[in-house]
Amino acid sequence: MNSEIDRKIAVIFVADVVGYSKHMEKDENATIRSYNACEKILNKLLKKYKGSVFNTAGDSVLAEFPSAVNAVECGVDFQNEIKKRNQSDKVDVKLEFRLGINMGDVVKKDNNLIGDGVNIAARLEALAQPNGISISKSVYDFVVPKTKMTFNDLGVQKVKQNEFHAFDILLDPSQKRTLKTNSKPIIPIIGAFAAALVIGLLGFLFLNGDNSHERKDVFQNKKSLIADMPSILVMPFENQTGKDENSFIGSGFTSSLVNILSQSNKLQIHSTSTGEYIKENGLSNIEISEKYGVEYILNGSIQGGSNSFRVFIELTNIRNDELRWSEIFKFSKIEDIFSLMDNLGVSVLRELNLEFSIDSDHLISRNPDVYRKYIAAQAAYQKNTAEGNYKSEQLYKEALELEPENSRLKYFLGWVHWQRMTLGLSTDPKADFEIAYKYSYEAMEKNPKWASPQAQVSVLEGILGKHDIACARLPKMRALARTVEDISLVAAVEAVCGNNDKSTSLFEKSLRLGPHYSSWVKKYYAVVKTRSGDYEGAKTFIKKQLERKHSWEDTERTFYVMLAYISVKEGDLKKAREYFSLQKKQGGIGQTARQFLSDHQAARDQSFYIDVVETLKPLGLPEK
Numbered sequence: 000m001n002s003e004i005d006r007k008i009a010v011i012f013v014a015d016v017v018g019y020s021k022h023m024e025k026d027e028n029a030t031i032r033s034y035n036a037c038e039k040i041l042n043k044l045l046k047k048y049k050g051s052v053f054n055t056a057g058d059s060v061l062a063e064f065p066s067a068v069n070a071v072e073c074g075v076d077f078q079n080e081i082k083k084r085n086q087s088d089k090v091d092v093k094l095e096f097r098l099g100i101n102m103g104d105v106v107k108k109d110n111n112l113i114g115d116g117v118n119i120a121a122r123l124e125a126l127a128q129p130n131g132i133s134i135s136k137s138v139y140d141f142v143v144p145k146t147k148m149t150f151n152d153l154g155v156q157k158v159k160q161n162e163f164h165a166f167d168i169l170l171d172p173s174q175k176r177t178l179k180t181n182s183k184p185i186i187p188i189i190g191a192f193a194a195a196l197v198i199g200l201l202g203f204l205f206l207n208g209d210n211s212h213e214r215k216d217v218f219q220n221k222k223s224l225i226a227d228m229p230s231i232l233v234m235p236f237e238n239q240t241g242k243d244e245n246s247f248i249g250s251g252f253t254s255s256l257v258n259i260l261s262q263s264n265k266l267q268i269h270s271t272s273t274g275e276y277i278k279e280n281g282l283s284n285i286e287i288s289e290k291y292g293v294e295y296i297l298n299g300s301i302q303g304g305s306n307s308f309r310v311f312i313e314l315t316n317i318r319n320d321e322l323r324w325s326e327i328f329k330f331s332k333i334e335d336i337f338s339l340m341d342n343l344g345v346s347v348l349r350e351l352n353l354e355f356s357i358d359s360d361h362l363i364s365r366n367p368d369v370y371r372k373y374i375a376a377q378a379a380y381q382k383n384t385a386e387g388n389y390k391s392e393q394l395y396k397e398a399l400e401l402e403p404e405n406s407r408l409k410y411f412l413g414w415v416h417w418q419r420m421t422l423g424l425s426t427d428p429k430a431d432f433e434i435a436y437k438y439s440y441e442a443m444e445k446n447p448k449w450a451s452p453q454a455q456v457s458v459l460e461g462i463l464g465k466h467d468i469a470c471a472r473l474p475k476m477r478a479l480a481r482t483v484e485d486i487s488l489v490a491a492v493e494a495v496c497g498n499n500d501k502s503t504s505l506f507e508k509s510l511r512l513g514p515h516y517s518s519w520v521k522k523y524y525a526v527v528k529t530r531s532g533d534y535e536g537a538k539t540f541i542k543k544q545l546e547r548k549h550s551w552e553d554t555e556r557t558f559y560v561m562l563a564y565i566s567v568k569e570g571d572l573k574k575a576r577e578y579f580s581l582q583k584k585q586g587g588i589g590q591t592a593r594q595f596l597s598d599h600q601a602a603r604d605q606s607f608y609i610d611v612v613e614t615l616k617p618l619g620l621p622e623k
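Position 192, counted from 1, in the sequence shown is what the numbering used here calls 191; the numbers after and before it change by one each time, with no gaps.
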């Protein structure tokens with residue numbers, strides 16, 4: 000059998016674009032034009048140095064050379080050409096590349112090359128810095144006597160069964176760095192094509208152009224925001240299939256992984272809204288850790304389409320810049336994604352050595368049609384508009400027709416009717432309240448291990464005056480609360496039941512894990528903070544929040560109402576009138592006494608809210 004295998008020694012050259020997906024998101028057409036121009040430069044140099052392409056992977060190129068010297072000279076010329084191109088003002092998208100070069104044993108299969116020789120070249124590319132070239136010792140030994148280039152010894156790198164000595168080619172003295180030996184697996188041994196694809200995706204997370212010892216100093220000197228258990232952020236999965244209709248797959252993976260990971264009570268889950276903010280603003284790992292206290296980041300993307308999909312996933316400890324785990328999963332049918340979601344979540348929990356017990360009801364649905372409707376309904380709901388509200392109701396109802404007993408769909412449909420009331424869109428508040436209560440209660444009964452429906456039911460029961468029943472659920476809710484949504488809703492119930500300290504603590508935890516989560520959390524935290532008598536803390540928080548735009552106008556109105564109330568209590572009537580005037584500008588006559596009391600009608604103790612109304616009436620707070 001071995002005699003049939005076509006083996007040879009080859010020089011393998013791997014090139015990959017840095018941050019290609021981000022460039023595509025910003026300007027797809029310009030990025031493609033820029034890549035095509037760079038590709039022409041590379042093809043010209045490949046011809047000059049007798050290199051030949053044997054595989055491509057989107058923004059990655061794998062080539063073979065007849066000699067190590069040829070490959071290195073081609074790489075140096077290419078990086079210099081790209082650098083020169085990027086200095087031109089005429090270039091709208093300035094792409095950067097990483098290059099990896101290795102000489103080793105490969106296997107020829109059809110028109111492709113596979114084997115350790117290719118895998119190591121791909122891993123060297125991942126080690127390389129932007130605009131840099133990393134080579135193996137086998138290449139180094141050949142080129143040193145024949146070139147005048149400067150090299151930087153990176154030491155021995157171990158990746159599973161592959162161990163290789165790596166060097167940087169110093170095109171610029173500033174590229175010199177110290178790289179610790181890595182004994183952790185970067186990526187499972189897979190085919191060359193897949194390896195190049197994955198490593199291209201992982202590159203910026205592995206090094207990101209910074210010295211590892213510098214990162215350690217930052218984390219050691221910075222006060223940690225992380226509590227007594229690990230924390231994880233699931234970034235939005237990227238849809239790289241080229242088809243918008245497949246976006247629900249990535250959204251589904253993101254939400255389901257959050258649900259699965261929340262099954263462990265030894266892990267803090269950051270809000271997906273934080274991931275969306277990070278993605279939009281391009282924050283570095285250091286910035287993410289410093290700003291949000293994140294320890295682990297889970298990144299993923301979906302590629303392929305039709306009858307073949309690939310899921311790329313990686314788990315990174317950003318505190319020490321360690322890639323803990325990465326894998327490629329394949330599926331051919333949409334129906335297969337749900338078992339894959341289970342496997343991904345379990346794999347992450349096991350990698351973190353966390354105890355867990357997976358609830359069979361952690362997924363929204365295992366029906367692709369239901370999942371599509373759910374994702375579309377969520378997007379419509381989050382617009383906080385009349386059109387979005389009614390659209391989401393329609394989609395949830397359509398999904399429920401397919402799965403009438405789905406607890407998660409019932410819960411979200413209950414929220415739709417509650418939102419309709421809170422946004423002032425309801426033409427029949429009594430009917431909407433009853434529907435919200437009905438669906439929330441059914442969701443709670445169907446899924447007793449999920450905190451959010453219990454919290455929603457308890458708030459609604461507070462409005463009905465059933466405080467003893469509502470508040471009796473709190474111990475169970477506290478034990479079950481995992482996600483930012485869970486924690487926020489339980490905090491609201493604590494406020495309803497008069498447990499101000501516990502409410503404050505939970506809202507603060509929610510804001511730490513989800514600072515970009517819904518505006519209503521910030522609104523009620525400001526009220527709870529004021530209610531507790533911590534006026535300085537309330538003012539500081541509110542003024543910071545007023546620097547940004549919130550999705551609910553009512554949130555900002557409430558901020559100004561609290562500032563006006565505090566100013567009166569502190570004896571500054573002039574400032575109180577200024578704040579009260581500002582809240583009126585947020586919406587015509589602004590907040591009314593009836594609106595404010597209605598907003599907090601679930602509370603067992605109404606004394607604070609009545610005092611706010613009585614305090615602000617002399618400033619012109621209208622009754623209704």
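Think of the CB as a built atom: it goes at the ideal place given N, C-alpha and C, for glycine as much as any other residue.
From a predicted model like this one, the values you see are computed outputs, not experimental measurements.
Which of helix, strand or coil does DSSP assign to K382? Counted from its first residue, the sequence shown places residue 382 at position 383. Here K382 sits in coil by DSSP.
Whose C-alpha, out of D91, F150, Y276, R32, is nearest the C-alpha of S517? Numbered from its first residue, the sequence shown carries residue 517 at position 518. Checked all of D91, F150, Y276, R32; the closest Cα to S517 is Y276.
Anticipated Cβ contact below 8 Å, W519 with T554, distance rounded: As a working mapping, residue 519 is identified with position 520 in the sequence shown. As a working mapping, residue 554 is identified with position 555 in the sequence shown. Confirmed, about 7 Å.
Quick check on T529: buried or exposed, where buried means 16 or more other Cβ atoms within 10 Å of its Cβ? Within the sequence shown, residue 529 is the residue found at index 530, counting from 1. Of the other Cβ atoms in all chains shown, 16 or more fall within 10 Å of the Cβ of T529; this residue is therefore buried.
Straight-line Cα distance separating I132 from D76: The residue you call residue 76 lines up with position 77 of the sequence shown. The residue you call residue 132 lines up with position 133 of the sequence shown. Taken atom to atom, the span from the alpha-carbon of D76 to that of I132 is near 11 Å.
Compute the Euclidean distance between the alpha carbons of N1 and A9, then round it to the nearest angstrom. Along the sequence shown, one-based indexing puts residue 1 at 2. Along the sequence shown, one-based indexing puts residue 9 at 10. Here the model assigns N1 a pLDDT of 44, short of 50, so the residue's position is not dependable, and the following value carries that caveat. N1 and A9: Cα-Cα distance of roughly 19 Å.
What does A9 pair with, by DSSP beta-bridge criteria? As a working mapping, residue 9 is identified with position 10 in the sequence shown. G103, per the DSSP bridge assignment.
Integer Cβ distance of A601 from V489, believed to fall under 8 Å: Taking the first residue of the sequence shown as position 1, residue 601 is located at position 602. Taking the first residue of the sequence shown as position 1, residue 489 is located at position 490. Contact doesn't hold; Cβ gap of about 14 Å is too wide.
Would A430 and D485 be called neighbours here (beta carbons separated by less than 7 Å)? As a first step, residue 430 is located in the sequence shown; it is residue number 431 there, counting from the start. As a first step, residue 485 is located in the sequence shown; it is residue number 486 there, counting from the start. No, the Cβ-Cβ distance between A430 and D485 is not below 7 Å.
Bridge partners of K329, per DSSP? By one-based count along the sequence shown, residue 329 stands at place 330. Paired residues: R309.
Going by C-alpha to C-alpha distance, which of H22, K47, W417, S255 sits closest to V233? In the sequence shown, counting from the first residue as 1, residue 233 sits at position 234. Nearest option by C-alpha distance: S255.
Taking the alpha helix (DSSP H) that S439 belongs to, which residues open and close that run? Locating residue 439 in the sequence shown gives position 440, counting from the first residue. Annotation for S439: the continuous alpha helix (DSSP H) segment containing it runs 428-445.
Any heavy atom of the ligand GTP within a distance shorter than 6 Å of the CB on I296? Looking at this structure, you won't find the ligand GTP or any other ligand, since it has none at all.
Would you identify the three-state DSSP class for Q267, choosing helix, strand or coil? Numbered from its first residue, the sequence shown carries residue 267 at position 268. Here Q267 sits in strand by DSSP.
Report the three-state DSSP secondary structure of V293 (helix, strand or coil). Along the sequence shown, one-based indexing puts residue 293 at 294. In the structure shown, V293 sits in coil (DSSP, three-state: anything other than H, G, I, E or B).
Classification of K89 by the beta-carbon crowding that lies within 10 angstroms, buried from 16 upward: Walking along the sequence shown from the start, residue 89 turns up at place 90. Counting Cβ neighbours within 10 Å, K89 comes out exposed, since fewer than 16 surround it.
Separation of R97 from A127, as counted between CA atoms: Taking the sequence shown and counting its residues from 1, one reaches residue 127 at position 128. Taking the sequence shown and counting its residues from 1, one reaches residue 97 at position 98. If you take the alpha carbons of A127 and R97, they lie about 6 Å apart.
Does H466 come out as helix, strand or coil in the three-state DSSP assignment? The residue given as residue 466 occupies position 467 in the sequence shown. Residue state, collapsed to three classes: helix.
6 Å CB neighbourhood of T557 in its chain, flanking five on each side removed: Taking the sequence shown and counting its residues from 1, the one referred to as residue 557 is at position 558. Within the same chain, and ignoring the five residues on either side of T557 in sequence, the residues whose Cβ sits closer than 6 Å to its Cβ are K522.
Terminal residues of the continuous alpha helix (DSSP H) containing I363? Taking the first residue of the sequence shown as 1, we reach residue 363 at position 364. I363 -> no alpha helix (DSSP H), and no H or E assigned at all.
Residues sharing a beta bridge with K108, DSSP: If you number the sequence shown from 1, residue 108 lands on position 109. Partner(s): N111.
Ends of the alpha helix (DSSP H) at I486? Counting from 1 along the sequence shown, the entry for residue 486 is found at position 487. Here the alpha helix (DSSP H) through I486 covers 483-495.
Three Cβ pairs or more, each shorter than 8 Å: is that satisfied between the stretch 101-117 and the stretch 142-154? no
Bridge partner(s) assigned by DSSP for R97: As a working mapping, residue 97 is identified with position 98 in the sequence shown. According to DSSP, R97 bridges with D15, G131.
From the DSSP output, in three-state form, read off N28 for me. What you label residue 28 is simply residue 29 of the sequence shown in a count that begins at 1. Collapsing the DSSP output to three states places N28 in a helix.
K242 classed as buried or exposed, judged by whether at least 16 other C-beta atoms fall within 10 angstroms: Indexing the sequence shown from 1 puts residue 242 at position 243. Its Cβ having fewer than 16 others within 10 Å, K242 is exposed.
Beta-carbon contacts of A442 that lie in its chain and below 6 Å, excluding the five residues immediately before and after: The sequence position of residue 442 within the sequence shown is 443, counting from 1. Answer for A442: S406, K409, Y410, P452, listed in chain order.
Return the chain-ordered list of same chain residues with a C-beta closer than 7 Å to the C-beta of S566, the five sequence neighbours on each side being excluded. Position 567 of the sequence shown holds residue 566. Once the five neighbours on either side are set aside, the close Cβ partners of S566 are K574, A575, Y578.
Of the choices G303, N316, E321, whose alpha-carbon is the least far from that of I327? Start at 1 with the first residue of the sequence shown, and residue 327 comes out as number 328. Among G303, N316, E321, the Cα nearest to that of I327 belongs to G303.
Can you check DSSP and say which residues form a bridge with E237? For the purposes of this step, residue 237 is taken as the residue at position 238 of the sequence shown. For E237, which the question treats as bridged, DSSP gives the partners S300.
Among the candidates L596, A563, N85, whose CA atom is the shortest distance from the CA of L618? Translated into the one-based positions of the sequence shown, residue 618 becomes position 619. Nearest option by C-alpha distance: A563.
Taking Cβ positions, are V13 and G116 nearer each other than 7 Å? Within the sequence shown, numbered from 1, the residue matching residue 13 stands at position 14. Within the sequence shown, numbered from 1, the residue matching residue 116 stands at position 117. Cβ distance not < 7 Å, so V13 and G116 don't count as in contact.
In its own chain, which residues sit with a C-beta less than 7 Å from the C-beta of Y19, not counting the 5 before and 5 after it? As a working note, residue 19 is residue 20 in the sequence shown. Hits under 7 Å: D58.
Looking at C-alpha atoms only, which residue of A471, A494, N342, E404 is the closest neighbour of Y438? Reading the sequence shown from its first residue, position 439 is the one you call residue 438. It is E404.
Whole-number beta carbon distance between I296 and T273, since they are thought to touch under 8 Å: Looking up residue 273 in the sequence shown gives position 274. Looking up residue 296 in the sequence shown gives position 297. At roughly 10 Å, the Cβ-Cβ gap does not stay under 8 Å, so T273 and I296 are not in contact.
Let's see if you can read the secondary structure: which residues bound the beta strand (DSSP E) around E63? Here residue 63 corresponds to residue number 64 of the sequence shown, with the count starting at 1. Segment 59-64, the beta strand (DSSP E) holding E63.
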